[in-house]
Amino acid sequence: MTAGADGQSLRRLTRRSQFLRAARGTRAGRSAFGLRVVPAAETAPGVGFTVTKKVGNAPQRNRIKRRLRAAAAACADDFRPGHDYVLLARREALSLPYARLVADLGGLIARVHAQAPARNTIDPATANGTPDHEI
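In our numbering, the protein residues as written are 3 to 137.
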């Protein structure tokens, strides 16, 4: 797709399995699109785009995809290696100024990576249902 400052190029996500895996990742959203991020085995960051038929007819969907691809290319330096990103388009992506699309995407990427990953671990001190201190 395009190369970032470090010379790495962005991979395009094309397989359904890649999109399904990203659906289980970290989420963030803006009015024009949603963003899903998941760690990946490949070193180059991967980017995929989803625009459903609810958004509009074929020319509108294609225009949204072109705008999101251009915004992703403008934010190529913000994408982190070893992650896959999926942009879920909304209708507002047609009317939002391009500069705002780029700013929103850059902000979402930073926000998603700043969030601590959700932990599903059980604290050993409270595993048996009793607190670790006496009352």
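Quick reminder that beta carbons are idealized off the backbone N, C-alpha and C, glycines included. None of the values given here were measured: they were computed from a predicted structure.
- Straight through space, the alpha carbons of S19 and V88 are spaced by roughly 12 Å.
- Counting only residues of its own chain and dropping the five nearest sequence neighbours on each side, R69 has a CB closer than 8 Å to the CB of A95, L96, Y100, L103.
- In the three-state scheme derived from DSSP, where H, G and I count as helix and E and B as strand, D106 is classed as helix.
- R14 and G48 have their C-alpha atoms some 5 Å from each other.
- Cα atoms of A24 and V39: separation of roughly 6 Å, rounded to the nearest angstrom.
- With a 10 Å radius around the Cβ and a threshold of 16 neighbouring Cβ atoms, R82 comes out exposed.
- In the DSSP annotation of this structure, the continuous segment of the beta strand (DSSP E) that includes A91 starts and ends at 85-91.
- Judged by DSSP in its simplified three-state form, V39 adopts strand.
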